[in-house]
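S.K.: From first to last, the protein sequence lines are chains A and B.
At position 70 of the first sequence (counting the first as 1) the number is 70 in the numbering used here, and the numbers step up by one without a gap.
At position 193 of the second sequence (counting the first as 1) the number is 431 in the numbering used here, and the numbers step up by one without a gap.
Number of protein chains: 2
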Amino acid sequence: MASTLRDKNQKSAVSKSDAVYRTLKRAILDQALAAGTKLPEDSIGERLGVSRTIVRQALARLNGEGLIELRPHKGACVAQPSLEDARHIFAVRQALETLVVDTLIGTLTPQQIRQLEAHVDAEDAARTNNTSASIQLAGEFHVLLAKLTENDVLLRYVTELVSRSSLILSLYGRPHSPDCAVSEHRELIAALDKGEREQACSLMRHHIDAITTRALLKGNSEKDFPDLLAAYAREEGL
Amino acid sequence: MASTLRDKNQKSAVSKSDAVYRTLKRAILDQALAAGTKLPEDSIGERLGVSRTIVRQALARLNGEGLIELRPHKGACVAQPSLEDARHIFAVRQALETLVVDTLIGTLTPQQIRQLEAHVDAEDAARTNNTSASIQLAGEFHVLLAKLTENDVLLRYVTELVSRSSLILSLYGRPHSPDCAVSEHRELIAALDKGEREQACSLMRHHIDAITTRALLKGNSEKDFPDLLAAYAREEGL
DNA sequence: TTTTGCTTGATTGTGTACAAAATGCTCGCA
DNA sequence: TGCGAGCATTTTGTACACAATCAAGCAAAA
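1. Looking at Arg164 (chain A) and Ile105 (chain A), is the spacing between their C-beta atoms short of 7 Å?
2. Keeping to the same chain, check which residues put their C-beta closer than 8 Å to that of Gly475 (chain B); ignore five residues upstream and five downstream.
3. DSSP three-state label for Arg264 (chain B), please.
4. What's the gap between the Cα of Lys385 (chain B) and the Cα of Thr128 (chain A)?
5. Taking Cβ positions, are Leu239 (chain A) and Val330 (chain B) nearer each other than 7 Å?
6. Work out the CA separation of Leu33 (chain A) and Leu39 (chain A) for me, nearest whole Å.
7. Just the Cα atoms here: how many angstroms apart are Gly274 (chain B) and Ala324 (chain B)?
8. Tell me which same chain residues have a C-beta within less than 7 Å of the C-beta of Asp280 (chain B), skipping the five on either side of it?
9. Out of B:Glu398, B:Ala265, B:Ala371 and B:Gln437, which has the shortest C-alpha to C-alpha gap to Cys315 (chain B)?
10. Among all the DSSP beta bridges, which residues are the ones paired with Lys38 (chain A)?
11. Which of the three DSSP states, helix, strand or coil, is assigned to Ile105 (chain A)?
12. Suppose contacts are defined by Cβ-Cβ distances below 7 Å. Is Ala58 (chain A) in contact with Leu67 (chain A) by that definition?
13. If you measure between the beta carbons of Glu123 (chain A) and Leu137 (chain A), is that distance less than 7 Å?
14. So Gln57 (chain A) contacts chain B; which residues on that side make the cut at Cβ distance below 9 Å?
15. Could you confirm whether any beta carbon from chain B is found closer than 7 Å to the beta carbon of His206 (chain A)?
16. Hey, is Gly217 (chain B)'s beta-carbon within less than 7 Å of any beta-carbon in chain A?
17. What is the rounded straight-line gap between the Cα of Ser440 (chain B) and the Cα of Glu355 (chain B)?
18. Consider the Cβ of Val339 (chain B): report whether some Cβ of chain A lies at a distance smaller than 7 Å.
19. Would you call the CB atoms of Arg205 (chain A) and Thr98 (chain A) closer than 7 Å?
20. Relative to chain A, which residues along the region 358 to 392 of chain B have a C-beta separation below 7 Å, given in chain order?
21. Measuring straight from C-alpha to C-alpha, what distance separates His423 (chain B) and Ile89 (chain A)?
22. Ignore the nearest five residues each way along the sequence and tell me which others in Leu48 (chain A)'s own chain have a CB closer than 7 Å to its CB.
23. Chain B beta carbons: is any one of them nearer than 7 Å to that of Ala95 (chain A)?
24. Under a Cβ-count criterion, where at least 16 other Cβ atoms within 10 Å of its own Cβ denotes burial, should Ala210 (chain A) be classed as buried or exposed?
25. So for Leu33 (chain A), helix, strand or coil by DSSP?
26. Is there at least one Cβ from chain B nearer than 7 Å to His88 (chain A)'s Cβ?
27. How many angstroms separate the CA atom of Glu473 (chain B) from the CA atom of Ile406 (chain B)?
28. Just to make sure I have the definition right: I need the residues of chain A whose C-beta is within less than 8 Å of the C-beta of Tyr395 (chain B). Which are they?
29. Could you check how far apart the C-beta atoms of Ile54 (chain A) and Lys16 (chain A) are, in whole angstroms? I think they sit under 8 Å.
30. Excluding the 5 residues flanking Asp431 (chain B) on each side, which residues of the same chain have their C-beta closer than 8 Å to its C-beta?
31. Under a three-way DSSP split, which group does Ala19 (chain A) fall into?
32. In angstroms, rounded to a whole number, what distance separates the CA positions of Asp268 (chain B) and Leu383 (chain B)?
33. Buried or exposed, going by whether 16 or more other CB atoms sit within 10 Å of the CB of Arg61 (chain A)?
34. Considering Glu361 (chain B), what are the terminal residues of the alpha helix (DSSP H) in which it resides?
35. Do Ile208 (chain A) and Ser115 (chain A) come within 7 Å of each other at the CB atom, strictly closer than that value?
36. Closest to Thr103 (chain A) by C-alpha separation, out of A:Asp152, A:Leu216 and A:Glu187, would be which residue?
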């Protein structure tokens, strides 16, 4: 009981660097730290009440997951995935999440189906506040699916890719419309429940396609800084 | 020119922890450090002439890639993937490497084809010394393919999975027979060259299947301690 | 004989101090 | 007024010292 409370307070962290890691990750995914924000070790450590050593470990981990960039001697900053990065990430997501569905077909218990439906209900409920919470929940649905496969590697990769996708959506994506995500998730659950392999895989493929389109559509409008500059430079003959 | 030389000497490492990371990784994949070997931070640091701080960073990274296990307060040791881990890893490999082939179809230049063939020639040449060098080269073929996709994420994951596969093969695999790997690689290149998508994907799928079989076949002979015990336990009605 | 508690040794977790590197700025010069 | 060299500041890279934690071995009691 006491340990349960402690776990809740400390978020089941055994080490401080874990806590810092999670704090930073949440901050990034909640867009509290916008893409490109510099992340000096000193300031973060001071702010969070830990030494630079701890912050450094957390940053190294985030770097490994592609959420921040860690340029030598130049400091860390929140990653700004290029459109190409985005395409790469979604391509891999499609392959992996198709594997998730393929693995899950015929193995889901009624209880697990209910768990999935409960999650989508939560997504549905969060539709009103059109903020990052909605993106977050939509992403967690995919993570939940991956978790059900009980394949650790698959879970790790999907989790990582979903995180990076959130970052991409916040950078390039047009305003998130949760309606279609919810309905697509429901269709997918139905297909999984009925054991329709081809149908389920196909649904997942198209679902990721839809996300990819939503993510990359706005890409050539305003935020793509380098390319924009390149265009100007060309006009000036540089 | 000078920088090229420096890169060669320092293996393009900017930081020491990178060097230690690569050193340990090579040692593990070469089986100089057998699975399960303990990796105390200060022994390694002393041996390699760096402080524990550096070693710690390298270990954290290897842990992230699943090559070592990092139990809190109990020290690091070379990972001993279970048979289940192995199945998970190969399942994800199959999905990702099929994506590799699918991406590569119709994009490979004659020069790249020659590059692939040159690599397989090297594998062929290394057939005689039936050691880990052969496994290593066979793995690098897959990494090379992933590199040609120019998809960074895909490359990172495939690299990681190939590394872990090497570890698995050294743990459970029956003696590596390079002949079939070489011929399968050659068939794959031919299909890629001719742009036969279905054929190439199918070849890759079966190739990974073959590796999986080779990897897991010996699993119930001697080294699989836990399952072995479980079998005994069942016989005793426990 | 088995189990429990303690002690000891080893190993990791964390903080801090110093060194190295890069960036930005000031000052001198053309 | 524009430009470059050198300095100062900031930030990271590394090492080391100390604290916390755990595993093993030993001893004592049931």
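Backbone N, C-alpha and C define an ideal beta-carbon position, used for all residues, glycine too.
A quick note: this is a predicted structure, and the numbers were derived from the prediction, not measured.
M.R.: Taking the geometry as given:
1. Residue numbering aside, residue 105 (chain A) sits at position 105 when the first sequence is read from its first letter. Residue numbering aside, residue 164 (chain A) sits at position 164 when the first sequence is read from its first letter. No; because the gap between Cβ atoms is not below 7 Å, this pair is not in contact.
2. In the second sequence, counting from the first residue as 1, residue 475 (chain B) sits at position 237. Here Gly475 (chain B) scores only 34 on pLDDT, less than 50, and its place in the model should not be relied on; the value that follows carries that caveat. Answer for Gly475 (chain B): no residue qualifies.
3. Locating residue 264 (chain B) in the second sequence gives position 26, where the first residue counts as 1. Helix.
4. In the second sequence, the residue the question calls residue 385 (chain B) occupies position 147. In the first sequence, the residue the question calls residue 128 (chain A) occupies position 128. If I take the Cα positions, the gap works out to 43 Å.
5. Residue 239 (chain A) is absent from the model: chain A starts at 1 and stops at 238.
6. Your numbering for residue 39 (chain A) matches position 39 in the first sequence. Your numbering for residue 33 (chain A) matches position 33 in the first sequence. Leu39 (chain A) and Leu33 (chain A) have their alpha carbons spaced roughly 9 Å apart.
7. Within the second sequence, the letter at position 36 stands for residue 274 (chain B). Within the second sequence, the letter at position 86 stands for residue 324 (chain B). If I take the Cα positions, the gap works out to 16 Å.
8. Here residue 280 (chain B) is taken as the residue at index 42 of the second sequence, counted from 1. Arg290.
9. To locate residue 315 (chain B), count along the second sequence from 1; it is residue 77. Cα-wise, what sits closest to Cys315 (chain B) is B:Ala265.
10. By 1-based counting over the first sequence, the position of residue 38 (chain A) is 38. Paired residues: A:Cys77.
11. Translated into positions along the first sequence, residue 105 (chain A) becomes position 105. Ile105 (chain A) falls in the coil class under three-state DSSP.
12. Residue mapping note: residue 58 (chain A) aligns to position 58 of the first sequence, counting from 1. Residue mapping note: residue 67 (chain A) aligns to position 67 of the first sequence, counting from 1. Contact flag unset, no.
13. Taking the first sequence and counting its residues from 1, one reaches residue 123 (chain A) at position 123. Taking the first sequence and counting its residues from 1, one reaches residue 137 (chain A) at position 137. Contact flag set, yes.
14. If you number the first sequence from 1, residue 57 (chain A) lands on position 57. Under the 9 Å cutoff, chain B gives Arg294, Gln295 and Ala298.
15. Reading the first sequence from its first residue, position 206 is the one you call residue 206 (chain A). No - not a single Cβ of chain B is within 7 Å of the one on His206 (chain A).
16. Any question about residue 217 (chain B) goes unanswered here, given that chain B covers just 239 to 476.
17. As a working note, residue 440 (chain B) is residue 202 in the second sequence. As a working note, residue 355 (chain B) is residue 117 in the second sequence. Taking the straight line joining both Cα atoms gives about 20 Å.
18. Translated into the one-based positions of the second sequence, residue 339 (chain B) becomes position 101. No, Val339 (chain B) lies away from the interface with chain A (no Cβ there is under 7 Å from its Cβ).
19. By 1-based counting over the first sequence, the position of residue 205 (chain A) is 205. By 1-based counting over the first sequence, the position of residue 98 (chain A) is 98. It is a contact, given that the beta carbons lie within the stated cut-off.
20. Asn389, Asp390, Val391 and Leu392
21. If you number the second sequence from 1, residue 423 (chain B) lands on position 185. If you number the first sequence from 1, residue 89 (chain A) lands on position 89. About 27 Å.
22. Along the first sequence, read from residue 1 onward, the residue named residue 48 (chain A) stands at position 48. Excluding positions up to five away in sequence, the list reads Val20 and Thr23.
23. Reading the first sequence from its first residue, position 95 is the one you call residue 95 (chain A). Yes, Ala95 (chain A) counts as interfacial toward chain B.
24. Your numbering for residue 210 (chain A) matches position 210 in the first sequence. Per the 10 Å Cβ criterion, exposed.
25. Here residue 33 (chain A) corresponds to residue number 33 of the first sequence, with the count starting at 1. In the structure shown, Leu33 (chain A) sits in coil (DSSP, three-state: anything other than H, G, I, E or B).
26. Residue mapping note: residue 88 (chain A) aligns to position 88 of the first sequence, counting from 1. Taking Cβ atoms only, chain B reaches closer than 7 Å to His88 (chain A), which makes this a yes.
27. Position 235 of the second sequence, counted from the start, is the residue given in the question as residue 473 (chain B). Position 168 of the second sequence, counted from the start, is the residue given in the question as residue 406 (chain B). With a pLDDT of 35 at Glu473 (chain B), under the threshold of 50, the modelled position of that residue is not reliable, and the figure given next carries that caveat. About 28 Å.
28. As a position in the second sequence, residue 395 (chain B) is number 157, starting the count at 1. Simply Val92 and Tyr157.
29. To locate residue 54 (chain A), count along the first sequence from 1; it is residue 54. To locate residue 16 (chain A), count along the first sequence from 1; it is residue 16. Going by Cβ atoms, the distance from Ile54 (chain A) to Lys16 (chain A) rounds to 5 Å, so yes, they are a contact pair.
30. Residue numbering aside, residue 431 (chain B) sits at position 193 when the second sequence is read from its first letter. Taken in chain order, the residues that qualify are Leu346 and Ile351.
31. Along the first sequence, one-based indexing puts residue 19 (chain A) at 19. Helix at Ala19 (chain A).
32. What you label residue 268 (chain B) is simply residue 30 of the second sequence in a count that begins at 1. What you label residue 383 (chain B) is simply residue 145 of the second sequence in a count that begins at 1. Each residue's alpha carbon lies about 22 Å from the other.
33. Reading the first sequence from its first residue, position 61 is the one you call residue 61 (chain A). Per the 10 Å Cβ criterion, buried.
34. Within the second sequence, residue 361 (chain B) is the residue found at index 123, counting from 1. Element bounds for Glu361 (chain B): Pro348 to Ala363.
35. The sequence position of residue 115 (chain A) within the first sequence is 115, counting from 1. The sequence position of residue 208 (chain A) within the first sequence is 208, counting from 1. A quick correction: the sequence has Gln, not Ser, at residue 115 (chain A). Contact flag unset, no.
36. Translated into positions along the first sequence, residue 103 (chain A) becomes position 103. If we check each option's Cα against that of Thr103 (chain A), A:Asp152 comes out closest.
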